[in-house]
Amino acid sequence: MPASPGFDIAAAESMLGEVFAPWVRDLALAVVAVEAAPPPGAGPDWLPGAVLRMPFSERLCRSGGIICGQSLMALADTAMVLAISAAIGGRRPMTTVDQTSHFMRPAMATDVLADARVVRAGRTMSFGRVTLSSAADGRPVAMATCTFAML
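In terms of numbering that gives the first Met the number 0, the sequence shown is numbered consecutively and its last residue is 150.
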């Protein structure tokens, strides 16, 4: 499906507040960017996507002050829903079919950024990848590949 510039930050923020479960809204995710169409000068490897920020909270930490994997994967999943919505030009019901996570280093006492990119947005299935990075130093903390069924 072609990318459409009709899904922007305002639409993504609205979707965050209306579509997701209350406990996901409790993560206080913020939409940093939405790319539904290639920006000027984008290279041939450009992919539609969305960037979200999860603010640090001690409530998200396990022992040792490490941000728990459950919150990181919720961030990745949510970012991918918004990225797919950008790629297809708006809201559409979808559900996670598969999410594979790789944790590279602990995230501690930092906001986390999720850069979700859609590799393929199809009529029945969509595929993407998410890189989770420390907002403090930009280093990756985890990555996920995601598959969604388009309902």
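For glycine and all other residues, C-beta sits at the position ideal for the given N, C-alpha and C.
(message) Rounded to whole angstroms, what is the Cα-Cα separation between C145 and R128?
(response) Here residue 145 is taken as the residue at index 146 of the sequence shown, counted from 1. Here residue 128 is taken as the residue at index 129 of the sequence shown, counted from 1. C-alpha separation (whole angstroms): 6 Å.
(request) Spell out whether any CB of chain D is found under 8 Å from the CB atom of S13. (result) The displayed structure is made up of one protein chain only, and chain D is not part of it.
(message) Threshold first: 3 residues or longer. Then list the beta strand (DSSP E) segments lying entirely within the segment 64-126, N to C.
(response) With a minimum length of 3 residues, the continuous beta strand (DSSP E) runs that stay inside the segment 64-126 are 93-102 and 111-120.
(message) On a Cα-Cα basis, can you pick out the residue from A113, M149 and V118 that is closest to A173?
(response) Because the chain spans 0 through 150 in this model, residue 173 falls outside it and cannot be assessed.
(request) Might you give, ordered along the chain, the residues of its own chain that have their beta carbon closer than 7 Å to the beta carbon of M14, omitting 5 neighbours on each side? (result) Counting from 1 along the sequence shown, the entry for residue 14 is found at position 15. Cβ within range, chain order: L81, S84 and R90.
(request) Whole angstroms is fine: what's the gap from P21's alpha carbon to R104's? (result) The sequence position of residue 21 within the sequence shown is 22, counting from 1. The sequence position of residue 104 within the sequence shown is 105, counting from 1. Roughly 28 Å between the two C-alpha positions.
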